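Shown next, in structure tokens, is the structure this report addresses.
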Amino acid sequence: MPQGTVIKDSETGKVIADLLEDGESVTVLKGGRGGKGNNHFKNSKRKAPSFSQHGEKTEQHQIILELKTIADVGLVGFPNVGKSTLLSVLTSAKPKIANYHFTTLTPNLGVARVFDEDFVIADIPGLIEGASEGAGLGHHFLRHIERVRLIVHLVDISGSENRNPLDDYKKINEELNKYGTRIKDIPQIVCASKVDLLDDDSKLKDFEKATGQKVYPVCSLLNEGLTELLSAIYEKLKTIPKPSRLEDEERYSLEKDYNQKFTVSKLDKGTYIVEGGLVDFFIQSISLSSPESFAFFQKNLKDRGVVSALKKAGMVEGDTVIIGDIEFEWIE
Ligand SMILES: Nc1nc2c(ncn2[C@@H]2O[C@H](COP(=O)(O)OP(=O)(O)OP(=O)(O)O)[C@@H](O)[C@H]2O)c(=O)[nH]1
Ligand SMILES: [Mg+2]
1 MPQGTVIKDS ETGKVIADLL EDGESVTVLK GGRGGKGNNH FKNSKRKAPS
51 FSQHGEKTEQ HQIILELKTI ADVGLVGFPN VGKSTLLSVL TSAKPKIANY
101 HFTTLTPNLG VARVFDEDFV IADIPGLIEG ASEGAGLGHH FLRHIERVRL
151 IVHLVDISGS ENRNPLDDYK KINEELNKYG TRIKDIPQIV CASKVDLLDD
201 DSKLKDFEKA TGQKVYPVCS LLNEGLTELL SAIYEKLKTI PKPSRLEDEE
251 RYSLEKDYNQ KFTVSKLDKG TYIVEGGLVD FFIQSISLSS PESFAFFQKN
301 LKDRGVVSAL KKAGMVEGDT VIIGDIEFEW IE
């Protein structure tokens with residue numbers, strides 16, 4: 001699975017695992033154990049058992065695999081402001097550039113080098129007003145921003161499409177804020193694109209004043225302002241820790257759930273079998289080396305409702321109970 005894949009339970013949406021590191025792996029659900037032939041159930045009294053055990057039914061569960069881009073810097077801004085063009089001059093990436101909206105449909109990644117430091121920049125496309133509610137390509141793109149350490153917010157300062165740069169800036173920030181606290185807390189560098197289309201720097205000054213932010217002017221076509229922008233990114237990144245895993249609270253575990261489950265069935269007259277995830281749990285956690293441990297095992301069977309289920313199925317004193325590799329006679 002690609003680095004940056006988040007595994008979620010499709011029913012609850014809860015995070016099961018977050019594969020942040022290269023080569024990380026996780027078992028979400030275990031396969032069932034194989035069945036046992038009738039020979040396995042032979043003993044001194046039972047010479048030719050008429051029953052065998054089927055392989056365990058495996059658990060089925062729907063999960064969502066969500067890929068979140070892993071990048072240090074996320075380039076955001078309205079369509080056509082020049083994000084891909086900027087990426088192409090800051091890094092060796094060769095994204096498609098064209099003078100229409102939604103040219104870029106999936107994030108482009110590029111590596112920029114400043115001094116001896118490499119960092120990954122992602123061009124995050126598709127952000128428009130209402131993106132946090134699903135407009136445009138909505139959440140699809142916003143999720144890629146969740147993990148970046150720094151946002152470079154690009155605004156077309158020339159207003160070349162008859163838009164107001166300040167409105168654009170506010171709208172994108174609104175969408176980012178609406179998406180979730182994690183994105184809201186990511187530091188931003190504000191960058192003004194297409195400065196070559198300005199007559200003078202009054203628009204730039206006004207924008208800087210209105211936002212109260214330091215604004216980095218760039219012209220990707222003429223390679224202007226890039227060194228200043230890259231140094232600002234470099235300096236800022238030095239102060240921001242590497243990304244943490246999503247949702248640091250306790251992981252949701254399908255396995256835990258599975259470990260509680262069991263089924264009881266009658267194999268033969270006077271012989272009952274307990275199967276399911278709980279059996280695995282018992283086998284892993286209980287050793288039956290002493291009378292005390294057997295008493296503990298029996299108490300657990302009672303506490304977890306196994307004994308009442310067995311009785312419901314017809315078990316009476318003296319009957320045989322099979323749980324995993326353990327076979328014993330039921331005594332009250
Ligand atoms: N004049 C001028 N035009 C630019 C500059 N940077 C980009 N452009 C032009 O702006 C248009 C859009 O550029 P893109 O880089 O494709 O814009 P984008 O933000 O990636 O757009 P989407 O992928 O559609 O979201 C292209 O025609 C570019 O040539 C610039 O600094 N000055
Ligand atoms: Mg683009």
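Per this note's numbering, the sequence shown starts with residue 1, numbered consecutively.
For glycine and all other residues, C-beta sits at the position ideal for the given N, C-alpha and C.
Just so it is clear, the structure is predicted and the values come from calculations on it, not from any experiment.
In the three-state scheme derived from DSSP, where H, G and I count as helix and E and B as strand, D206 is classed as helix.
Out of T211, F78, K238, the CA that lies nearest to the CA of N162 is found in F78.
Boundaries of the beta strand (DSSP E) around Q188: 188-193. T227 and S92 have their C-alpha atoms some 15 Å from each other.
For the pair V76 and L127, the CB atoms are nearer than the 7 Å cut-off.
Residue pairing for G110: DSSP places it in a beta bridge opposite I121. At a Cβ-Cβ threshold of 7 Å, K302 and G277 do not count as neighbours.
In chain order, L166 place their CB closer than 7 Å to the CB of A210, counting only its own chain and leaving out the 5 sequence neighbours on each side. Under the Cβ criterion (8 Å, minimum of three pairs), the region 195-204 does not count as touching the region 232-239. Restricting attention to D118, H101, K8, the CA atom closest to the CA of S231 is found in D118. Within its own chain, the residues whose Cβ lies closer than 6 Å to the Cβ of K8, once the five positions on either side in sequence are excluded, are V15, I64, listed in chain order.
Per DSSP, reduced to three states, the secondary structure at A17 is strand. In this structure the region 96-107 does not touch the region 170-179; the number of beta carbon pairs closer than 8 Å is below three.
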